[in-house]
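Residue numbers (the numbering used here): 26 to 446.
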């Protein structure tokens, strides 16, 4: 079967599709035979032609043969023909023109050659995690259309301009806190399969709403790359951040301080525990874990420091590198002791962004290896849109958290920061 080449545009189902479906349902209810496809196609052509004529009338400001109220020198200038693909087969249309060439129809746009809505369905399937080959098979089974993986890739490429616009959009001046983390995916590059890091930043604004500030695909996670990302956030309008919640990547706190010197930094406690357990034999892990709990479960910084001293007395001789891991990073590990109780559980780990990364992997798991970096970026963007559809609420007890943050960080919030929400 000949391949059906789809255009690189997004379109929603049109009103004549719904009208045709209603007519078919009525005929079935009356026990009459279904309307043949060619009849449905003619109905669509008739409806579209009428809408196109009405659009031109509105553009000119007067109806055909009626000069009353005419305030323009522009006039009708016949028709041009075009054939569009529809779910009822090809439809030939007479598209109205105007003398000055300023009329641009909306119901069937200037370069639109498909009105079936099939491209939207394909992008929807792609965003749900289906591979190009799976989508091709699905389209063949449902519509009897042969569509190559290349054609499907071209259709899904229509989201790339939207992705670029989203990646460069203007952000708010201030965020209460930002999570940062990276997840890895396999990509073909120069004939080899390589690991690519997807760097993600999730911000919580002053209204308590979560927002993915951006995603950047690069090589192995590094503090220098995070530095570039932080500078890009600043260039897009983020001038101030109260807090950053990050993993234990070496050099990352310094990169944050270079761009946002007033920001506080909280290292993920869970990452800290994982790093410690790598240095402890299995036979001692349970005992060490129990003795570390009083450190990160303490209610105050003073209590936590006393617990750390006691832990060092118990295990310091046996595991000095574990102790130095806590001591060397204590400033960033202990930030949350000074924060409101309601906020501590939100930032002492990076669980929120790790859950987001798990969602990205869920939507992309069918694609073990991406054909190129752009394919990965496209899939991650569509997965992000699916995940964030559910982010409709705000952080619990946010009013209390915000008031305490404003007391802890005085003179940082400007009136326009709150007006922007």
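Ideal placement from N, C-alpha and C gives every residue a C-beta, glycine not left out.
With DSSP as the reference, please indicate the residues paired to residue i in a beta bridge.
i           : result
residue 221 : 210
residue 108 : 117
residue 200 : 266
residue 150 : Beta-bridge pairing links residue 150 to no other residue.
residue 226 : 205, 239
residue 139 : 110
residue 394 : 211
residue 123 : 101
Does the beta-carbon of residue i have 16 or more other beta-carbons within 10 angstroms, so that it is buried, or is it exposed?
i           : result
residue 444 : exposed
residue 456 : Because the chain in this structure spans residues 26 to 446, residue 456 falls outside the shown range and cannot be described.
residue 139 : buried
residue 291 : buried
residue 325 : exposed
residue 195 : exposed
residue 374 : buried
residue 287 : exposed
residue 115 : exposed
residue 223 : buried
residue 388 : buried
residue 327 : exposed
residue 66  : buried
residue 251 : buried
residue 131 : exposed
residue 110 : buried
residue 125 : exposed
residue 81  : buried
residue 117 : exposed
residue 403 : buried
residue 364 : buried
residue 152 : buried
residue 262 : exposed
residue 30  : Residue placement at residue 30 cannot be trusted, given a pLDDT of 39 that sits under 50; the coordinates are not used to answer.
residue 27  : Because the pLDDT at residue 27 is just 36, under 50, the model does not fix this residue reliably, and the point stays unresolved.
residue 209 : exposed
Please report the straight-line C-alpha distance between residue i and residue j, rounded to a whole angstrom.
i           : j           : result
residue 405 : residue 156 : 13 Å
residue 423 : residue 352 : 32 Å
residue 390 : residue 309 : 36 Å
residue 204 : residue 432 : 22 Å
residue 90  : residue 77  : 17 Å
residue 350 : residue 273 : 10 Å
residue 228 : residue 307 : 37 Å
residue 135 : residue 128 : 10 Å
residue 232 : residue 88  : 50 Å
residue 411 : residue 382 : 13 Å
residue 420 : residue 234 : 7 Å
residue 343 : residue 320 : 18 Å
residue 79  : residue 146 : 29 Å
residue 101 : residue 121 : 8 Å
residue 354 : residue 317 : 15 Å
residue 104 : residue 123 : 9 Å
residue 266 : residue 108 : 54 Å
residue 434 : residue 289 : 10 Å
residue 35  : residue 154 : For residue 35, the predicted model reports a pLDDT of 42, less than 50, meaning its position is unreliable; a value from the coordinates is still stated below. C-alpha separation (whole angstroms): 19 Å.
residue 361 : residue 314 : 20 Å
residue 189 : residue 339 : 54 Å
residue 359 : residue 371 : 14 Å
residue 159 : residue 407 : 17 Å
residue 430 : residue 295 : 24 Å
residue 240 : residue 366 : 30 Å
Quick one: residues in its chain with C-beta nearer than 6 Å to the C-beta of residue i, no 5 flanking neighbours on either side, listed in chain order?
i           : result
residue 230 : 197, 200
residue 368 : 426
residue 441 : none
residue 439 : none
residue 348 : 337, 341
residue 271 : 205, 277
residue 323 : 329, 332
residue 285 : 266
Considering only residues of the same chain and omitting the five flanking positions on each side of residue i, which have a CB-CB separation below 8 Å?
i           : result
residue 275 : 248
residue 211 : 218, 219, 220, 221, 393, 394, 395
residue 186 : none
residue 106 : 117, 118, 119, 120
For residue i, I'd like the list of residues in its chain whose CB is within less than 7 Å of its CB, leaving aside the five on either flank, ordered along the chain.
i           : result
residue 379 : 206
residue 54  : none
residue 413 : 237
residue 302 : 310
residue 97  : 85, 86
Could you tell me if the beta carbon of residue i falls within a distance shorter than 7 Å of some heavy atom in the ligand PLP?
i           : result
residue 343 : Among the components of this structure there are no ligands whatsoever, and the ligand PLP is therefore not found.
- Which runs of the alpha helix (DSSP H), 4 residues or longer, sit entirely within the segment 231–311? 248–260, 277–284, 294–302
- Message: Please give me, in chain order, every unbroken run of the alpha helix (DSSP H) with length at least 4 that falls completely inside the segment 319–373.
- Response: 326–340, 345–353, 355–358, 366–372
- Item | Length-filtered (4 minimum) alpha helix (DSSP H) runs lying within the segment 412–439 | 423–433
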